[in-house]
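Residue numbers (our numbering): 47 to 139.
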């Protein structure tokens with residue numbers, strides 16, 4: 047019974063991987079537009095957040111955690127925007 051279930055899961059995983067390959071190869075411009083728009087949306091959300099008080103003494107662990115979280119969010123936003131632009135530019139025929 048478990049062998050049958052694992053075979054079915056492997057088969058569906060193969061279908062999933064094939065679908066991703068087709069999606070990535072055929073629709074790179076659309077994926078680039080989606081990534082770019084998600085990056086811009088994230089950028090606008092980051093601008094709406096309240097500024098962090100960096101001069102608070104003593105530095106609370108909560109403040110340090112906010113700084114680290116926002117830096118990671120900025121990294122992903124920049125990555126999404128740059129990757130989206132690259133996918134759009136590289137695949138325009």
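C-beta: ideal position from N, C-alpha, C; glycine also.
For the pair residue 63 and residue 121, the Cα-to-Cα distance works out to about 27 Å. Note on geometry: alpha-carbon atoms of residue 79 and residue 103 lie some 43 Å from one another.
For the pair of segments examined, the region 112-132 was found to touch the region 70-78: the number of CB pairs separated by less than 8 Å reaches three. For residue 50 and residue 134, the gap between their C-alpha atoms comes out near 43 Å. Apart from the 5 residues on each side of it in sequence, residue 116 sits with its Cβ closer than 8 Å to the Cβ of 92, 95, 98 in its chain, given in chain order. Per DSSP, the unbroken alpha helix (DSSP H) holding residue 126 starts and ends at 107-136.
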